[in-house]
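Under the numbering used here, the first residue of the sequence shown carries the number 1, and numbering increases by one thereafter.
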Amino acid sequence: MRKPGFARSRPKPSADPRAAVIAAALLAAAGPTAIADEGSLRPYAVVGDSIPGSLTGEAGDPARGRAIVVDRRLGACLLCHTGPFAEERFQGTLAPDLSGAGSRWSAGQLRLRLVDATRLNPDTIMPPYYRVDGLARVGSSWAGRPILTAEQIEDVVAFLSTLRE
Ligand code: HEC
């Protein structure tokens with residue numbers, strides 16, 4: 001039983017049966033139109049809980065990153081997350097609010113969370129946005145392709161870094 005007045009600060013998503021359904025729906029919904037033609041992944045180095053270097057060698061574009069985050073098919077982040085997106089009516093309740101993410105995490109930490117959150121939490125429901133191996137329930141059009149391209153990852157990292165509290 002929960003103590004009165006005790007508010008859980010984070011949802012416990014791995015226990016939520018809706019999680020797998022949402023993750024599968026996300027992968028199925030986006031489809032091949034959402035991704036640029038990128039056959040293989042760029043190499044990157046994980047240092048601690050971060051990928052310090054840009055996947056493209058360049059900084060991303062925050063405005064494009066915001067568009068990817070709110071896009072229901074491309075990033076589909078708002079299936080699970082809430083954030084400072086006043087114009088978006090339906091936002092998720094399965095994951096932390098993205099407000100302040102740029103204060104809580106460095107660009108490198110944000111990059112690793114996007115590239116492959118399962119490296120930090122093997123039970124996470126957050127899809128690995130830049131991984132091609134070991135994915136369950138991937139449609140044939142997805143084989144060998146990450147959900148987001150390296151450029152799109154960098155755009156989202158650039159946008160999240162602007163979310164400061
Ligand atoms: C299917 C649900 C789901 C989707 C879709 C999803 N996430 Fe997450 N995300 C989570 C969960 C759950 C966590 C909490 C940590 C964990 O379980 O890994 C998280 C954690 C994070 C964090 C760290 C939050 C913090 O401050 O502690 C960031 C940043 C983040 N996600 C960004 C994104 C972005 C950007 C997208 C879209 C490109 C996205 N997420 C899509 C479920 C999701």
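A virtual CB, placed ideally from N, CA and C, is assigned to each residue, including glycine.
- The beta-carbon distance between Val156 and Ile68, rounded to whole angstroms, is 5 Å. This is short enough to meet the 8 Å contact definition.
- Gly92 and Gly75 have their C-alpha atoms spaced approximately 13 Å apart.
- Taking C-beta atoms as the reference points, Asp49 and Leu148 fail to come closer than 8 Å.
- In this structure, Ile51 places its C-beta atom within 8 Å of the C-beta atom of Gly108.
- If you compare the alpha carbons of Asp71, Pro122, Met126, Ala101 with that of Phe90, the shortest gap goes to Asp71.
- Measuring C-alpha to C-alpha distances from Thr124 to each of Asp116, Ala45, Ser99 identifies Asp116 as the nearest.
- Under a 10 Å Cβ-count criterion, Leu78 is classified as buried, with 16 or more other Cβ atoms of the shown protein chains found around its own Cβ.
- Among the bridge pairs identified by DSSP, Ser106 is matched with none.
- At least 8 Å separates the beta-carbon of Val132 from that of Pro122.
- Distance from the Cα of Cys80 is smallest, within the candidate group Ala63, Tyr44, Pro127, Gly60, for Pro127.
- Judged by beta-carbon spacing, Glu165 lies beyond the 8 Å limit of Ser106, meaning their Cβ atoms are not closer than that value.
- The beta carbons of Ser161 and Leu114 sit about 12 Å from each other, so the pair does not count as a contact at 8 Å.
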